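Residue numbers (the numbering used here): 1024 to 1665.
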């Protein structure tokens, strides 16, 4: 019994230890859950903090731009204030002579209208007689005031302004005696008026000071002080930053290849509709230049913004002094760039910062071999310190370390071109499952001259030139769906003729306003679950407008008004171009289908059936999700050898 009891005791202890372990495990599980919750909370707080930081950065950028714009507006205002002050000082100059009359024998500089003297001048009547003042009788030998008018017959005259006599006469009321100019002479001085009387000129100096005192310029002085507080170097940097997006003459006249970056960089700002569209799709990615071109990945930092402090006149003078200090004689000539290995860059040079960045784009984004060879050559070309290095070369030296590391990384492991970097070709369409933002950025990153024919800008206008702009959102979705829904066989494909017929039916379907919507509503195709956009796989011999309407409705179009409007616009312009009509002519066509009334008859309506009753016909293609890659053709029975 003893050994048996010991076994039971050990078992009991084991069960107890197991229970304790399970309790400890449960406790640790709770602690682990709490730790995970804390981690999740900390991550959420970190995301919130990063979002707040990003919002603060964007606000700082916007406020900085607003401040710069205000400072630019202040400069002409400061000049205007300065001119106004100068004019007021010139006008108030006579008041100084009233307060401190010139010494005997002093004759001020001549004036076309005579000197604007005061009642205390010598030898002439003044222009500041006040009729309402008590008259007095000066000595007849030296009259210095206007003739006295008896109070009974004297009209009540408004005080003449203390401007030039010609202006004073314009303010004199009718019936007043003509105002005479005051000319300095050597006549005897005026006779002092009797004690206790006031000269007809009255308290002229005080009144003039009151009239001519300018408004309180405290606000203008504050704005002027804010501008003047900027150091001259920063003022020049602000001027250089205004060159962002401006055409570069050195690049355009050099004969060097123009990159897609430069075309995008100098493209004009979008319209208001384009700006609103950009705001909607600006996802705040890490692109440094995203604020200026939302949706486009400029890859490399803006050259002007990055190098502006080194483009000032002081920086150029410093470079000249540096080269001058390296020797007294002329330096050896620079090595020639006339090398066929450099391709289109052979025989050219890099002078401006924009030229240098254009070369960097070809070498570091397009991975052009000739551009990379030229980039590796052009910087060591200026190794001789006695040569003055242009701004473009100094910029390349400034970024040489980062550029070399980027090229080395690419040579070790080539990487694809950035997806949304500016490009001169339309490129590969996004996959069928792409979201709206990806589709919009796909067209936004391509030059307007490679957009599909008929695609419009966000403003509704047609693009012009080969620059970059904001595409119409509805057109983006419409052309994306057209590319995925219409079969696009190669020219050597024997079924290529089916593609043309199907495209023609689609053009006719959407060229009649309201026809597609009528078919979809009667057939109730919108009730069918949506499928990814895939190419129409059936034969054109069996195709009809009803079948295509059902296929388009269930594969991405549905009843989306924006997409339908864009498809209608595309179909109208395409059909008009085929028959030689004006692009936006919406009058009935001469060929069937001609109008909405012609396709909505009782007979046509009877042909519309529900989705499960549609007769699709012969299938020619496997329905893969997109037109990317080769088509998987079904084997035709007639083509099989016996």
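Every residue gets a Cβ at the ideal spot worked out from N, C-alpha and C, and that includes glycine.
Keep in mind that this is a model prediction, so the values were computed, not measured.
(request) In the DSSP assignment, find the alpha helix (DSSP H) that holds residue 1640 and state where it starts and stops. (result) Position 617 of the chain shown, counting from 1, holds the residue named residue 1640. No alpha helix (DSSP H) contains residue 1640, which DSSP labels as neither H nor E.
When burial is assigned at 16 or more other CB atoms within 10 Å of the CB, is residue 1082 buried or exposed?
-> Position 59 of the chain shown, counted from the first residue, corresponds to residue 1082. Under this definition residue 1082 is an exposed residue.
If you pair each beta-carbon of the stretch 1381-1391 with each one of the stretch 1272-1289, do three or more pairs fall below 8 Å? yes
Are three or more beta carbon pairs between the stretch 1321-1339 and the stretch 1507-1525 nearer than 8 Å? Contact check between the stretch 1321-1339 and the stretch 1507-1525: fewer than three CB pairs, one atom from each, fall below 8 Å, which does not count as touching.
Residue 1540 (DSSP reduced to helix, strand or coil): Within the chain shown, residue 1540 is the residue found at index 517, counting from 1. Three-state result, residue 1540: helix.
Exercise. For residue 1469, name the three-state secondary structure that DSSP assigns.
Key: Position 446 of the chain shown, counted from the first residue, corresponds to residue 1469. Residue 1469 falls in the strand class under three-state DSSP.
request  = Using only alpha-carbon positions, find the residue among 1354, 1339, 1389, 1399 that is nearest to residue 1365.
outcome  = As a first step, residue 1365 must be located in the chain shown, where it is residue number 342. When each option's Cα is compared against that of residue 1365, the closest is 1399.
*Euclidean distance between Cα positions of residue 1467 and residue 1318*: Position 444 of the chain shown, counting from 1, holds the residue named residue 1467. Position 295 of the chain shown, counting from 1, holds the residue named residue 1318. So the alpha carbons of these two residues sit roughly 7 Å apart.
Note to self: Rounded to whole angstroms, what is the Cα-Cα separation between residue 1554 and residue 1296?
What the structure shows: For the purposes of this step, residue 1554 is identified with residue 531 of the chain shown, where counting begins at 1. For the purposes of this step, residue 1296 is identified with residue 273 of the chain shown, where counting begins at 1. Roughly 31 Å separates the two Cα atoms.
(message) For residue 1334, count the other beta carbons within 10 Å of its own beta carbon; 16 or more makes it buried, fewer makes it exposed. Which is it?
(response) As a first step, residue 1334 must be located in the chain shown, where it is residue number 311. Residue 1334 should be labelled buried.
Note to self: To the nearest angstrom, how far is the alpha carbon of residue 1607 from that of residue 1574?
What the structure shows: As a position in the chain shown, residue 1607 is number 584, starting the count at 1. As a position in the chain shown, residue 1574 is number 551, starting the count at 1. C-alpha of residue 1607 to C-alpha of residue 1574: approximately 27 Å in a straight line.
Practice task
Since I believe residue 1597 is in contact with residue 1456 (beta carbons under 8 Å), could you give me their beta-carbon distance rounded to a whole number of angstroms?
Solution key: Here residue 1456 refers to the residue found at position 433 of the chain shown. Here residue 1597 refers to the residue found at position 574 of the chain shown. Not quite, the Cβ-Cβ distance comes to about 27 Å (not below 8 Å), so this is no contact.
Review point. Comparing alpha-carbon positions, which option in 1473, 1499, 1500 lies nearest residue 1487?
Key: Within the chain shown, residue 1487 is the residue found at index 464, counting from 1. Ranking 1473, 1499, 1500 by Cα distance to residue 1487 puts 1473 first.
inquiry  = Just to confirm the assignment, what range does the alpha helix (DSSP H) spanning residue 1255 have?
reply    = The residue labelled residue 1255 in the question sits at position 232 within the chain shown. From DSSP, the alpha helix (DSSP H) with residue 1255 extends over 1255-1264.
Under DSSP, the alpha helix (DSSP H) around residue 1381 begins and ends at which residues? Numbered from 1 along the chain shown, position 358 holds the residue referred to as residue 1381. Start and end: 1376-1387.
For residue 1315, the three-state DSSP class (helix, strand or coil): Here residue 1315 is taken as the residue at index 292 of the chain shown, counted from 1. Correct three-state label for residue 1315: coil.
Considering only the beta carbon of each residue, do residue 1419 and residue 1373 sit closer than 8 Å? As a working mapping, residue 1419 is identified with position 396 in the chain shown. As a working mapping, residue 1373 is identified with position 350 in the chain shown. Yes.
Quick check on this structure: which residue in 1626, 1244, 1093 has the alpha carbon closest to the alpha carbon of residue 1108? Position 85 of the chain shown, counted from the start, is the residue given in the question as residue 1108. For the residues 1626, 1244, 1093, the minimum Cα distance to residue 1108 belongs to 1244.
Let's test the definition: count the other Cβ atoms within 10 Å of the Cβ of residue 1301 and tell me whether it reaches 16, buried, or not, exposed.
Walking along the chain shown from the start, residue 1301 turns up at place 278. With 16 or more Cβ atoms within 10 Å of its Cβ, residue 1301 is classed as buried.
Which residues DSSP lists as bridging residue 1446, in chain order = Locating residue 1446 in the chain shown gives position 423, counting from the first residue. Beta-bridge pairing links residue 1446 to 1469.
| What number of angstroms, rounded off, separates the C-alpha of residue 1422 from the C-alpha of residue 1386? | Residue 1422 sits at position 399 when you count from the first residue of the chain shown. Residue 1386 sits at position 363 when you count from the first residue of the chain shown. Straight-line Cα distance between these residues: approximately 13 Å.
For residue 1088, count the other beta carbons within 10 Å of its own beta carbon; 16 or more makes it buried, fewer makes it exposed. Which is it?
If you number the chain shown from 1, residue 1088 lands on position 65. Exposed is the call here.
Should residue 1481 and residue 1294 be called a contact, given that it needs their Cβ atoms to be closer than 8 Å?
Locating residue 1481 in the chain shown gives position 458, where the first residue counts as 1. Locating residue 1294 in the chain shown gives position 271, where the first residue counts as 1. Residue 1481 places its beta carbon less than 8 Å from that of residue 1294.
In whole angstroms, what separates the C-alpha of residue 1188 from that of residue 1256?
Along the chain shown, read from residue 1 onward, the residue named residue 1188 stands at position 165. Along the chain shown, read from residue 1 onward, the residue named residue 1256 stands at position 233. Reliability of the predicted coordinates at residue 1188 is poor, the pLDDT of 36 falling under 50, and the value obtained from them is presented with this limitation in mind. Between the C-alpha atoms of residue 1188 and residue 1256 there is a straight-line separation of about 48 Å.
*Can you check whether the CB of residue 1469 is closer than 8 Å to the CB of residue 1446?*
For the purposes of this step, residue 1446 is identified with residue 423 of the chain shown, where counting begins at 1. For the purposes of this step, residue 1469 is identified with residue 446 of the chain shown, where counting begins at 1. A contact, by the Cβ cut-off of 8 Å.
For residue 1568, count neighbouring C-beta atoms within 10 Å of its own C-beta (all shown protein chains included) and say buried if the count is 16 or more, exposed if not. Position 545 of the chain shown, counting from 1, holds the residue named residue 1568. Buried, by the Cβ-count rule.
Between the CA atoms of residue 1376 and residue 1271 - distance to the nearest angstrom
One-based indexing of the chain shown puts residue 1271 at position 248. One-based indexing of the chain shown puts residue 1376 at position 353. Approximately 9 Å, taken between the alpha carbons.
* Whole-angstrom distance between residue 1074 and residue 1355, CA atom to CA atom -> Here residue 1355 is taken as the residue at index 332 of the chain shown, counted from 1. Here residue 1074 is taken as the residue at index 51 of the chain shown, counted from 1. So the two alpha carbons sit approximately 56 Å from each other.
Open item on the list: Could you check whether residue 1336 and residue 1259 sit closer than 8 Å to each other, using their CB atoms as the reference points?
Closed with: Locating residue 1259 in the chain shown gives position 236, counting from the first residue. Locating residue 1336 in the chain shown gives position 313, counting from the first residue. It is a contact, given that the beta carbons lie within the stated cut-off.
Check: In chain order, which alpha helix (DSSP H) runs of at least 4 residues are fully inside the stretch 1046-1101?
Finding: none
>> Here's the rule: buried if 16 or more other CB atoms are within 10 angstroms of the residue's CB, otherwise exposed. What is residue 1286?
In response: Here residue 1286 refers to the residue found at position 263 when the chain shown is read from its first residue. Under this definition residue 1286 is a buried residue.
(request) Mind listing, in chain order, the continuous beta strand (DSSP E) runs of no fewer than 3 residues lying wholly within the stretch 1544-1631? (result) none
- Taking all protein chains shown into account, decide if residue 1352 is buried (16 or more other Cβ within 10 angstroms of its Cβ) or exposed. To locate residue 1352, count along the chain shown from 1; it is residue 329. The residue in question, residue 1352, is exposed, as its Cβ has fewer than 16 Cβ neighbours within 10 Å.
Quiz item: Using the beta-carbon count (16 or more within 10 Å), is residue 1228 buried or exposed?
Solution: Against the chain shown, residue 1228 aligns to sequence position 205. Because the pLDDT at residue 1228 is just 37, under 50, the model does not fix this residue reliably, and the value given afterwards should be weighed accordingly. So residue 1228 counts as buried.
First through last residue of the alpha helix (DSSP H) which encompasses residue 1344: Position 321 of the chain shown, counting from 1, holds the residue named residue 1344. From DSSP, the alpha helix (DSSP H) with residue 1344 extends over 1336-1347.
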